[in-house]
């Protein structure tokens, strides 16, 4: 495992971390690790919500992509 040394921690931050550690029954080091893990963890994805958004977006689009529409779009491209 790697080691990180934190310097110049403001007193209010140190106090808050100590209080959090006490509330969670952890050492100060374990509490800081838990905070760091939460900070870098990927955000949970709401798949159902995302699918609803995609479906709503698709419903707002015109129906079928035709060759004519593709040619028209290509006319404005270099």
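In our numbering, the protein residues as written are 3 to 80.
Even glycine gets a Cβ: it sits at the ideal position worked out from N, Cα and C.
For clarity, every value in this text was computed on a predicted model and none was experimentally measured.
Assign residue i to buried or exposed, taking buried as 16 or more other Cβ atoms, counted over all protein chains shown, within 10 Å of its Cβ.
i, result
"residue 39", "exposed"
Going straight from the alpha carbon of residue i to that of residue j, what length do you get?
i, j, result
"residue 73", "residue 67", "11 Å"
"residue 44", "residue 12", "27 Å"
"residue 6", "residue 22", "20 Å"
"residue 59", "residue 77", "26 Å"
"residue 17", "residue 63", "54 Å"
"residue 9", "residue 42", "20 Å"
Considering only residues of the same chain and omitting the five flanking positions on each side of residue i, which have a CB-CB separation below 7 Å?
i, result
"residue 19", "30, 33, 34"
Is the region 49-57 in contact with the region 23-32, if contact means three or more CB pairs nearer than 8 Å? no
(message) Going residue by residue through the region 6-32, where are the continuous alpha helix (DSSP H) segments of at least 4 residues, counting only ones entirely within it?
(response) 13-26
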